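In what follows, a structure is listed as structure tokens, so that the remarks can point back to it.
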Amino acid sequence: MTGSAALGGQIMKMISAIIKPFKLDEVREALAELGIEGMTVVDVKGFGRQRGHTELYRGAEYQVDFIPKIKLEIATRSENTQRVVDAITEIASTGKIGDGKIFVYDLEQIVRIRTGELDEEAI
Amino acid sequence: MTGSAALGGQIMKMISAIIKPFKLDEVREALAELGIEGMTVVDVKGFGRQRGHTELYRGAEYQVDFIPKIKLEIATRSENTQRVVDAITEIASTGKIGDGKIFVYDLEQIVRIRTGELDEEAI
Amino acid sequence: MTGSAALGGQIMKMISAIIKPFKLDEVREALAELGIEGMTVVDVKGFGRQRGHTELYRGAEYQVDFIPKIKLEIATRSENTQRVVDAITEIASTGKIGDGKIFVYDLEQIVRIRTGELDEEAI
Amino acid sequence: MENTVIELQFSLNTFYFLVSGILVMWMAAGFAMLEAGLVRSKNTTEILTKNIALYAIACTMFLLVGYNIMYVDNVEGGVVPNFGALIGSAAADADHALESDFFFQVVFVATAMSIVSGAVAERMKLWAFLLFTVVLTGLIYPIEGYWTWGAGFLSELGFVDFAGSAIVHGAGAAAALAGVLLLGARKGKYGKNGEIYPIPGSNLPLATLGTFILWMGWFGFNGGSQLFLADKSNAIAVSQIMVNTNAAAAAGAIAALVVCKLMWKKADLTMILNGALAGLVTITAEPASPTPILACILGMLGGSLVVFSIVALDKLRIDDPVGAISVHGVCGALGIMMVPFSNSDASFATQAIGLVTILGFVFIASYIVWGMIKTLMGIRVGEEEELSGMDQHDCGIDAYPEFVTIRNK
Amino acid sequence: MENTVIELQFSLNTFYFLVSGILVMWMAAGFAMLEAGLVRSKNTTEILTKNIALYAIACTMFLLVGYNIMYVDNVEGGVVPNFGALIGSAAADADHALESDFFFQVVFVATAMSIVSGAVAERMKLWAFLLFTVVLTGLIYPIEGYWTWGAGFLSELGFVDFAGSAIVHGAGAAAALAGVLLLGARKGKYGKNGEIYPIPGSNLPLATLGTFILWMGWFGFNGGSQLFLADKSNAIAVSQIMVNTNAAAAAGAIAALVVCKLMWKKADLTMILNGALAGLVTITAEPASPTPILACILGMLGGSLVVFSIVALDKLRIDDPVGAISVHGVCGALGIMMVPFSNSDASFATQAIGLVTILGFVFIASYIVWGMIKTLMGIRVGEEEELSGMDQHDCGIDAYPEFVTIRNK
Amino acid sequence: MENTVIELQFSLNTFYFLVSGILVMWMAAGFAMLEAGLVRSKNTTEILTKNIALYAIACTMFLLVGYNIMYVDNVEGGVVPNFGALIGSAAADADHALESDFFFQVVFVATAMSIVSGAVAERMKLWAFLLFTVVLTGLIYPIEGYWTWGAGFLSELGFVDFAGSAIVHGAGAAAALAGVLLLGARKGKYGKNGEIYPIPGSNLPLATLGTFILWMGWFGFNGGSQLFLADKSNAIAVSQIMVNTNAAAAAGAIAALVVCKLMWKKADLTMILNGALAGLVTITAEPASPTPILACILGMLGGSLVVFSIVALDKLRIDDPVGAISVHGVCGALGIMMVPFSNSDASFATQAIGLVTILGFVFIASYIVWGMIKTLMGIRVGEEEELSGMDQHDCGIDAYPEFVTIRNK
Ligand SMILES: Nc1ncnc2c1ncn2[C@@H]1O[C@H](COP(=O)(O)OP(=O)(O)O)[C@@H](O)[C@H]1O
Ligand SMILES: Nc1ncnc2c1ncn2[C@@H]1O[C@H](COP(=O)(O)OP(=O)(O)O)[C@@H](O)[C@H]1O
Ligand SMILES: Nc1ncnc2c1ncn2[C@@H]1O[C@H](COP(=O)(O)OP(=O)(O)O)[C@@H](O)[C@H]1O
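These protein sequence lines are chains L, X, S, A, V and D, in that order.
Counting from 241, one number per residue, gives the positions in the first sequence under this note's numbering.
Counting from 241, one number per residue, gives the positions in the second sequence under this note's numbering.
Counting from 241, one number per residue, gives the positions in the third sequence under this note's numbering.
Counting from 3, one number per residue, gives the positions in the fourth sequence under this note's numbering.
Counting from 3, one number per residue, gives the positions in the fifth sequence under this note's numbering.
Counting from 3, one number per residue, gives the positions in the sixth sequence under this note's numbering.
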């Protein structure tokens, strides 16, 4: 984290984590224990150090560049960020290449559609 | 980057809204009336207060944690943010749990790929 | 935005590009030449100036509002941003409507799950 | 040796019934695939469940009472059948096994019921539907079937419906229409200001497979309805039926293709599928006497008519997700009224009387039964179930649980 | 003309064998679709590969040695067959072509093997599986088949298994069980604390199609097993078999539907599919002698039992992704033990002896063979391959490469 | 009673034609599923549309003129047929119904045309394709078919092509090749520097189902081509054909599996499917005279050859998305040239002459017709249509509109 949080920063962060698909259930459970009560997931494909694999189709081998991953998005208060990031890092890590990455963004505003509640109340 | 950043805030925001899938058409129409001329949607699954449902397969009941939702991403000028957020909040709300959330981010830059136009021209 | 922008902004950016699906391979190759070693892609649907098309089903024509696109997400150091944006703009452009857009965000933090490395090391 | 020749004839006829029956049974799979392809993915498990359950129930009910009501110990030329159970016993001079006849007939009743499931898809409660299945296959169909095929009053009148354009297909469509009227359209199908929103089916390869299966099965449906194969003239008749059946289906598909191209500049696959089926339904009333060229013409009439009928029913806000009422009802009626052009034993008047009698009876009887079920337990799923899909509500499982779908369609 | 009558009878019988054989061959497609629908999409290409390869291998092995072992030049009432190659030569007074008999029998052995592929799906190495296929179809099945159908000691004892509830279905299930025990459950199927996690199949329309195909093919399976059509009494017998087969399947589906509704308030489609198949397996031991009502009852017993069996095996941590052991093994045994209720030639004691002998032999022989293969080359794919799916590892290509799937399921 | 025996024989033969015809008709569904599974999802609706439309057009054209050109009132040993319409009239001493013969033959012509649709998939304009269908099925196929099966000059020469390795399969492949050469490869198939990019099919379960359907239908295709069943020797011949057909297909699948494993260490499912079909095409030229072991060997040759052929055509930049030219053309030629090994009536020279004549004629005639259509209206869709998929352009609807797909593949 940068010093900006101390400088006032946003009070809410969006944590976006790319993980291996089969780790989803474990991560979800670990976050539930931290009190995280909401998240959004989406199927993505990606590559990084892990470079895909070859597939075979009708006698031609070819590179599939993108490997299936899952992206989690968790909006949370700034002060939780470190704990969430640590939990994901711990649980989603297999030590093998392709474990994924976590990206943290500032969030300007959150609105709960049902009630119109704002920001921290809306998390 | 434009000079406006120096004035303390981005002049463009990205509004990311998680809504119930069947609300998509209505929301799109409402935003069109506000003059919103572009958006990107993606299928996601999520949970929050609404905790999934049980499914049955071969005699075993099990929890499906994630409920299908749709995520809308709308880049717009800062001054429109409130109107867009209000419109989505109004239209996408059913008053029932699981209506979704809206997240607002700062946007540093927008580029229209076709023309290379920047920022406000590119929205 | 936080004061840090005044101090020169975040040292990492997230570049999110909406492109035409069939441009993916070319863009990926161009970015590889720039030394970009990781990215995440997801299928999205969107509209902007390009307004969808009509489909026909059982005698009823109807508007399909959303056109399939691909969203690329590339985390990179700030100083690379311009080069990446330029490369995508160049390669993904067909000059026809619907070529897509690039959005640039500040990134607070990056974590490599496998090693726990942070920020620039984690890219 | 004479005995052996007669026994061989008996065996060959029986085998012909059995093979035809197997082909008609296969149509159950055809309807299941067609309907599974033309509904949205969130309702696919449920429609599959309905299709296999209705086939099972239809076979069981027809065994328990239906066959007896339709065929056993009835008065010739009568209206009210003799009610009884099981399949009776064989005549001494029968030229095929009684059981093979039952096997052939039992799969017809399932066909009639399969037609209903498509029209009421995506909103009809599973258990209400199954309850209706019991009554249609155990009672309504056998009674009207008796009137013509069981030597009842319509057959005495000279009404001709060779393989069931009205008795099977029309009846299914009439029952479906009654259900649809009581049920209403799917949510999101019609806008407040009269807009019609198409709701595309989720899996067109399945729908196409279903159509091919039905086309194949129809060779048993029509071919078997000659009821005798083992001499020269009958063998030729069965062959003519096959040729005509195929010709009408082909012409129906072509006609639908051309109509679509002319009207919308596109080849609407689901219309072409319906066009082939429309050709089949049209020829079913009399596949034996037309020349192949007439069969083509009948098929083309059916295949064109069905396109307009589907569009018209949509305008009338009769929401039929798979086009069953148009294919089986409208083209069934067309087929019945075309019979006198090739078969001089039939007259337009008796054809019309037969048609109205059968469709009217089935419609009214079905309307009453649907109405009773509606009062008893409701026939439509709740709004929330409809929006989130019937699969989760009725069956507890999605059809394609791993695949990501655009849920708002 | 007598000669011609006999020749006609020969031709008709032969044709009946061929048509039945074609229908049984079609069951290979049924198993392939059923299993492809009930596994996860990441293992779908592999299960399809197994299914087509096992059919090809079974046909080839049975041609090379299996048919000879099972049927040619064996001692009556014996235990050890006479080993030889190819299909022998026709008897002078044969009433059908030898080749048509082979054609009919060869597709049975493929059925037995298809049962195995479902139970060991999603974790068994492709090449280990194919190696086992060679042994089962070339050796194990022909030997136990000889005991009853090749006039071996079980047939002398009076054991009755008309179309193979034990010989085909039970045997397949026994071989499958041996494999599953050595293989263990799929990763993620059972939790550390005894939790059972369902792993839903990825494509229920395919599974339903597969069931309809099997249902259709079963008319050849059971109907053809009468082995003679071309006289009156046999023609009637074949017809009865068809009616009973259909009735048992229908009743099985209904029973499973009702049991599911009572137990879980939902209509679990995959259970209904298994229920129909369970009814078919149950009637297969004796489809000729029951009345249709008894056939319904047998089907209902099978269709109910299979639901409880699937749940029970799951509790025992015997992981069978498609329910093959319950459908073919448990209901096969049920069918065998029900024979004496309709067929007075059979006794409970001999039925039990036959059942235990066949299943025991196949289980033990299979266990040894699986065990040897395990030592030789391993039978289970590595953890990483299992997690990322067998398609990429064994086949190099996904089944639905363009579709986005939730991979963690 | 003599009369009755003759009538029974007539009936049985007729029934055999009809059942065989139904099985061959079913192959239309097989091609549709195979091709729908091997193209990308964005072109799936269009290929389904082509398949059902071509079947309909083929049946209609063959009824209107094709059958007459091929079979009616032609000079024996001639080259130019007698042009006429409809199906003529039956001979007094016919041993089966003329209509049943037509029914059997009409589905063959559809098969020939189905082969073309696969090879030109994903880029050929729908209406150009349908126009070509009219000409091939109404003119080109009947003319070359007359040369051998209509007692034309090739039959007089002693050319043997039992069920159509060249006449049906080779012809289809020759027409396809002509089309592909004029059409060019799919965009993205070949790179600027000679790279070959695979374009995986979108739905392998469908492709597998299609293969099983074709395998099943082939029993009608080859089995029916004996043209007589109702005496002992013919019944045995038909049985042998069935056994050989099945054996060749099985061996073809195994051979392809082994070749793939040796070359790429993986079991490439689509190659195995092609291997089974290759075995079938290879045996089709002469399924009656080989021993089953020879049938296995022929199947293995076909199944191995097809793998190399597919790879070689790809290197030659002949882009055939489903491998139709290799399966039907290359293996069809192989089958023709293998005939003399089992059938002493055939010589390598006449086989070569027949093969070159048929394939040459069809290729040249097709090239001219494709060329004319290209000038007239173009045969290839625009670049944009190809990129966004033909479904939207030609048919107006996606095959799987609810499912999310990775569109760039
Ligand atoms: N620079 C990047 N921008 C966006 N996503 C990335 C980036 N680098 C990696 N990713 C995502 O993270 C996933 C894992 O990255 P990878 O480098 O393979 O793993 P690891 O960090 O364990 O070596 C990738 O598949 C991709 O989805
Ligand atoms: N903290 C969060 N971070 C990311 N997404 C969230 C979060 N909380 C909720 N969501 C998303 O919003 C959706 C609706 O949230 P939910 O709490 O069920 O509704 P409501 O706010 O109406 O009670 C969830 O399915 C999830 O996709
Ligand atoms: N305001 C916006 N917010 C989010 N996404 C947008 C916005 N405008 C356009 N897009 C995305 O960019 C894609 C291309 O935009 P479009 O306006 O059609 O192209 P062009 O900029 O070339 O005219 C759209 O399909 C949509 O996914």
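Where a beta carbon is used, it is the ideal one built from N, C-alpha and C, also for glycine.
Because the structure is a prediction, the values reported are computed rather than measured.
Quiz item: If we cut at 7 Å on Cβ distances, does S:G299 have a partner in chain A?
Solution: Residue numbering aside, residue 299 of chain S sits at position 59 when the third sequence is read from its first letter. By this cut-off, S:G299 is an interface position.
Quiz prompt | Interface flag, L:Y345 vs chain D, CB-CB below 7 Å | solution = Position 105 of the first sequence holds residue 345 of chain L. Closer than 7 Å: no.
Quiz item: Which whole-angstrom value is the C-beta distance of D:V308 and D:A269, which I expect to be below 8 Å?
Solution: Against the sixth sequence, residue 308 of chain D aligns to sequence position 306. Against the sixth sequence, residue 269 of chain D aligns to sequence position 267. About 15 Å; that fails the 8 Å criterion.
Quiz item: Nearest chain L C-beta to S:R352 closer than 7 Å, yes or no?
Solution: Working through the third sequence from its first residue, we reach residue 352 of chain S at position 112. Judged by the 7 Å Cβ criterion, S:R352 is in contact with chain L.
Quiz item: Quick one: what's got a C-beta closer than 7 Å to S:H293's C-beta in the same chain, skipping five residues either side?
Solution: As a position in the third sequence, residue 293 of chain S is number 53, starting the count at 1. V304.
Quiz item: Cβ of A:S43 within 7 Å of Cβ of D:E404?
Solution: Residue 43 of chain A sits at position 41 when you count from the first residue of the fourth sequence. Residue 404 of chain D sits at position 402 when you count from the first residue of the sixth sequence. For A:S43 and D:E404, yes; Cβs fall inside 7 Å.
Quiz prompt | Interface residues of the region 301-315 of chain X facing chain L [CB-CB below 9 Å] | solution = D305, F306, K309, K311
Practice problem: Could you name the residues of the same chain whose beta carbon sits closer than 8 Å to that of D:M340, not counting the 5 residues immediately before and after it, in chain order? | Solution: Residue 340 of chain D sits at position 338 when you count from the first residue of the sixth sequence. Cβ within range, chain order: T284, A287, E288, L300, L303.
Quiz item: Does ligand 2 have even one heavy atom less than 6 Å from the beta-carbon of L:T280?
Solution: Position 40 of the first sequence, counted from the start, is the residue given in the question as residue 280 of chain L. Within the cutoff, so yes.
Quiz item: Can you tell me whether DSSP reads A:R409 as helix, strand or coil?
Solution: Translated into positions along the fourth sequence, residue 409 of chain A becomes position 407. Model confidence at A:R409 stands at a pLDDT of 48, short of 50, so the residue's coordinates are unreliable and nothing is read from them.
Quiz prompt | Contact list for D:P144 against chain A, beta-carbon separation under 8 Å | solution = Walking along the sixth sequence from the start, residue 144 of chain D turns up at place 142. None at all; the shortest Cβ gap to chain A is about 17 Å.
Practice problem: Could you tell me whether any Cβ in chain D is nearer than 7 Å to the Cβ of S:E266? | Solution: Residue mapping note: residue 266 of chain S aligns to position 26 of the third sequence, counting from 1. No, no contact with chain D.
Exercise. Name the one or two DSSP bridge partners that L:A257 has.
Key: Residue 257 of chain L sits at position 17 when you count from the first residue of the first sequence. According to DSSP, which records beta bridges pairwise, L:A257 is partnered with L:L312, L:I342.
Exercise. Using a threshold of 7 Å, state whether the C-beta atoms of S:G299 and A:I312 are closer than that.
Key: Taking the third sequence and counting its residues from 1, one reaches residue 299 of chain S at position 59. Taking the fourth sequence and counting its residues from 1, one reaches residue 312 of chain A at position 310. Against a cut-off of 7 Å, the Cβ pair of A:I312 and S:G299 comes out as a contact.
Quiz item: If we cut at 7 Å on Cβ distances, does X:E295 have a partner in chain A?
Solution: For the purposes of this step, residue 295 of chain X is taken as residue 55 along the second sequence, with counting starting at 1. By this cut-off, X:E295 is an interface position.
Exercise. Tell whether a beta-carbon distance below 7 Å holds between D:S22 and D:G174.
Key: Counting from 1 along the sixth sequence, the entry for residue 22 of chain D is found at position 20. Counting from 1 along the sixth sequence, the entry for residue 174 of chain D is found at position 172. No.
Quiz prompt | CB contact check: V:G277 to chain X, cutoff 7 Å | solution = Residue 277 of chain V sits at position 275 when you count from the first residue of the fifth sequence. It does not; no Cβ of chain X falls within 7 Å.
Quiz item: Cβ of L:G278 less than 7 Å from any chain X Cβ?
Solution: Looking up residue 278 of chain L in the first sequence gives position 38. Cβ-Cβ to chain X under 7 Å: yes for L:G278.
Quiz prompt | Where L:I307 falls: helix, strand or coil (DSSP) | solution = The sequence position of residue 307 of chain L within the first sequence is 67, counting from 1. In the structure shown, L:I307 sits in a strand (DSSP, three-state: E or B).
Exercise. Could you run through the region 265-292 of chain A and flag, in chain order, every residue whose CB is less than 7 Å away from some CB of chain S?
Key: W266, K268, D270, T272, M273
Quiz prompt | CB contact check: D:F191 to chain V, cutoff 7 Å | solution = Position 189 of the sixth sequence, counting from 1, holds the residue named residue 191 of chain D. Rather than Phe, the amino acid found at residue 191 of chain D in this sequence is Lys. Not one chain V Cβ lies under 7 Å of D:K191.
Quiz item: Using a C-beta to C-beta distance shorter than 9 Å, which residues of chain A count as neighbours of V:G23?
Solution: Residue mapping note: residue 23 of chain V aligns to position 21 of the fifth sequence, counting from 1. None at all; the shortest Cβ gap to chain A is about 13 Å.
Quiz prompt | Coil, strand or helix - V:I24 by DSSP | solution = Numbered from its first residue, the fifth sequence carries residue 24 of chain V at position 22. In the structure shown, V:I24 sits in a helix (DSSP, three-state: H, G or I).
Self-check item: V:I295 versus A:N53, A:F64, A:I49, residue with shortest Cα-Cα distance
Solution: In the fifth sequence, counting from the first residue as 1, residue 295 of chain V sits at position 293. Nearest C-alpha to V:I295: A:F64.
Quiz item: For chain V, is any of its Cβ atoms less than 7 Å away from the one on X:E269?
Solution: Mapped onto the second sequence, residue 269 of chain X falls at position 29. False, the Cβ-Cβ gap to chain V never drops below 7 Å.
Quiz item: What do you reckon, is the C-beta of X:G363 under 6 Å from a heavy atom of ligand 3?
Solution: As a first step, residue 363 of chain X must be located in the second sequence, where it is residue number 123. At residue 363 of chain X the sequence reads Ile, which differs from the Gly that was named. Yes - ligand 3 has a heavy atom lying nearer than 6 Å to the Cβ of X:I363.
Quiz item: CB-CB under 7 Å to D:I414, same chain, minus the five flanking residues each way: which ones, in chain order?
Solution: Any answer about residue 414 of chain D is impossible in this case: the structure gives chain D only from 3 up to 411.
Quiz item: Would L:D283 be called buried (16 or more neighbouring beta carbons within 10 Å of its own) or exposed?
Solution: Counting from 1 along the first sequence, the entry for residue 283 of chain L is found at position 43. Result: buried.
Quiz item: If you measure from the CB of X:K341, is any heavy atom of ligand 4 nearer than 6 Å?
Solution: Of the ligands this structure carries, namely ligand 1, ligand 2 and ligand 3, none is ligand 4.
Exercise. Compute the Euclidean distance between the alpha carbons of L:A327 and L:A270, then round it to the nearest angstrom.
Key: The residue you call residue 327 of chain L lines up with position 87 of the first sequence. The residue you call residue 270 of chain L lines up with position 30 of the first sequence. Going by the C-alpha atoms only, they are around 7 Å apart.
Quiz item: Regarding A:Q394 and ligand 2, is the C-beta to nearest heavy atom distance less than 6 Å?
Solution: The count along the fourth sequence starts at 1 and reaches residue 394 of chain A at position 392. No.
Quiz item: Beta carbon of X:G286: closer than 6 Å to some heavy atom of ligand 2?
Solution: Along the second sequence, one-based indexing puts residue 286 of chain X at 46. Result yes, Cβ under 6 Å from ligand 2.
Quiz prompt | Cβ-based burial, A:L378 [other Cβ within 10 Å; buried from 16] | solution = Locating residue 378 of chain A in the fourth sequence gives position 376, where the first residue counts as 1. Exposed is the call here.
Quiz prompt | Limits of the unbroken alpha helix (DSSP H) element including D:Q242 | solution = Walking along the sixth sequence from the start, residue 242 of chain D turns up at place 240. Note, D:Q242: alpha helix (DSSP H), 234-266.
Quiz item: Excluding five sequence neighbours on each side, which residues of the same chain lie with their C-beta closer than 8 Å to the C-beta of V:G190?
Solution: Position 188 of the fifth sequence, counted from the first residue, corresponds to residue 190 of chain V. Contacts found: Y199, I201.
Quiz item: In angstroms, rounded to a whole number, what distance separates the CA positions of X:A245 and V:R382?
Solution: By 1-based counting over the second sequence, the position of residue 245 of chain X is 5. By 1-based counting over the fifth sequence, the position of residue 382 of chain V is 380. For X:A245, the pLDDT reaches just 36, beneath the cut-off of 50, and the residue's location in the model is therefore unreliable, although a value from the coordinates is still provided. Distance between the alpha carbons of X:A245 and V:R382 is about 59 Å.
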